[in-house]
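All the letters of the sequence shown, read from the start, carry residue numbers 301 to 654 under the working numbering. C-beta: ideal position from N, C-alpha, C; glycine also. Here the structure comes first, spelled out in structure tokens, and everything after it is commentary.
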Amino acid sequence: MSIEIKSLAPEKRHSCPKEFSFGVTFTDHMFTHKFEPSKGWHNALISPYHVLSLDPSAAVFHYSQEIFEGLKAYRKADGGINLFRPQENVKRFNRSAKRMVMPEVDTGLHLEAIKSLVYLDQDWVPDQQGASLYIRPTMIATSPKLGLGASACYEHFIIAGPAGSYFKGGLTPISVYVADEYRRAVKGGVGEAKTGGNYAASLYASEEVINLGYSQVLWLDAINGRYIEEVGAMNICFVYEGKHIVTPELSGSILPGITRDSILKLAPTLGYKISEQRLDIEQILADIDSGKITEVFGCGTAAVISPVGKLGFKGQEHVINDNQTGDVAKTLYDELTGIQYGTREDKFGWIVSL
Ligand SMILES: Cc1ncc(COP(=O)(O)O)c(C=O)c1O
């Protein structure tokens, strides 16, 4: 199946504004693609950015049958554009689709749609340091029916918009608070899928920790209330004695992050040991307090690496590395962003250039 392109006339197109806020400004075009049982996926189309028109009874509005992805396009110094491991995003999209009883999308077509949209709106890929074009593939259940059950019809769409550097003026540690009462996801649930309900479920606890003066929630497992899972919408890593990176093993309720996977592959090439383990919050806090843990950081597409300087739990604050960014976080950040922006060698073949 090919993608039809109906583009705006050149004189009607915009280029990326110099100032923008994440997630509120979008490029000139979008991709849409529809599914009906009798036709399968059809009408793969790139057309001017527009409002979607849906019946108020559409299943997505009531039962949240919805999935999404998030990836970025990076402007290289020579003007070219890089995507970072986009095949992994389209694969994860299909895994999320399967879990949410939604039809999978041909991975070749999905990747082509992402590339064609970014190519058409290439003037929107910002060139400021640390900025990028954020790409948001989404699928929603569109059948107009309130009866509970998987929808028959779906819409898959992709929108994109500029994202500024997450850290203005260098990596700055964040503070996180352990959610003691609330859980993000449970094994057997949908935490492994990138589906909107997980994020809606996280908002209440996020508000609470913000009111306590922290910026993100550290999530514990829902069965024992003891094992560390994720931080905000990022995976998490702990560094022992400056050289051994430890991250929670994928438990069935953790989103398998592409940045996390990249760190697992990259760290040994940079001289670090890395392991995936079940991590008990009490042991982690003891190891922070004794100084065995020298760094903590979150990892994900948005910030790449986000150092954690303070960890609050049950009213007590534990400070990590004097609330400073550590060498491991900095080294991984420089290496990953170097690969993304094309200034460091792409030894793993992760880059797809446009
Ligand atoms: C809940 C959650 N965990 C982890 C991540 C990090 O995943 P990735 O590295 O693929 O961006 C994300 C972001 O996508 C997320 O939403």
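- ILE558 CB to nearest heavy atom of ligand 1 below 7 Å: Result yes, Cβ under 7 Å from ligand 1.
- Report the rounded CA-to-CA distance for ASP521 versus THR625, giving the unit in angstroms. Going by the C-alpha atoms only, they are around 27 Å apart.
- Query: Looking at the structure shown, is ALA441 part of a helix, part of a strand, or coil, going by DSSP?
  - Reply: Three-state DSSP puts ALA441 in a strand.
- Query: Say the cut is 7 Å; is the CB of CYS599 nearer than that to a heavy atom of ligand 1?
  - Reply: Checking the Cβ of CYS599 against ligand 1 gives yes.
- Message: Rounded to whole angstroms, what is the Cα-Cα separation between PHE320 and LEU433?
- Response: Going by the C-alpha atoms only, they are around 11 Å apart.
- For ILE563, write down the residues that DSSP places opposite it in a beta bridge. Bridge partners of ILE563: none, in fact.
- Report the three-state DSSP secondary structure of HIS410 (helix, strand or coil). Three-state DSSP puts HIS410 in a helix.
- Message: Any heavy atom of ligand 1 closer than 7 Å to the beta-carbon of MET534?
- Response: Distances from the CB of MET534 to the heavy atoms of ligand 1 include at least one below 7 Å.
- To which residues of the same chain is VAL652 closer than 6 Å at the C-beta, ignoring the five residues directly before and after it? LEU383, PRO386, listed in sequence order.
- Return the CA-CA distance between VAL324 and TYR477, expressed in angstroms with no decimal places. A direct Cα-Cα distance of roughly 28 Å separates VAL324 from TYR477.
- Where ASP421 falls, given that 16 or more other Cβ within 10 Å makes a residue buried: Counting Cβ neighbours within 10 Å, ASP421 comes out buried, since at least 16 surround it.
- Message: Here's a check: name, in chain order, each residue in its chain whose Cβ is nearer than 6 Å to the Cβ of GLY557, leaving out the five neighbours to either side.
- Response: For GLY557, where only same-chain residues beyond five positions count, the Cβ hits under 6 Å are ASN535, GLY600.
- Query: Would the beta-carbon of VAL608 fall within 8 Å of that of ILE620?
  - Reply: Less than 8 Å separates the beta-carbon of VAL608 from that of ILE620.
- Item | C-beta contact flag for ILE474 and SER515 at 8 Å | In terms of Cβ geometry, ILE474 and SER515 form a close pair [threshold 8 Å].
- Task: Use the C-beta contact count for ASP627: other C-beta atoms within 10 angstroms, 16 or more gives buried, fewer gives exposed.
- Result: Burial call: exposed.
- Task: Please classify LYS312: does DSSP put it in a helix, a strand, or coil?
- Result: Helix.
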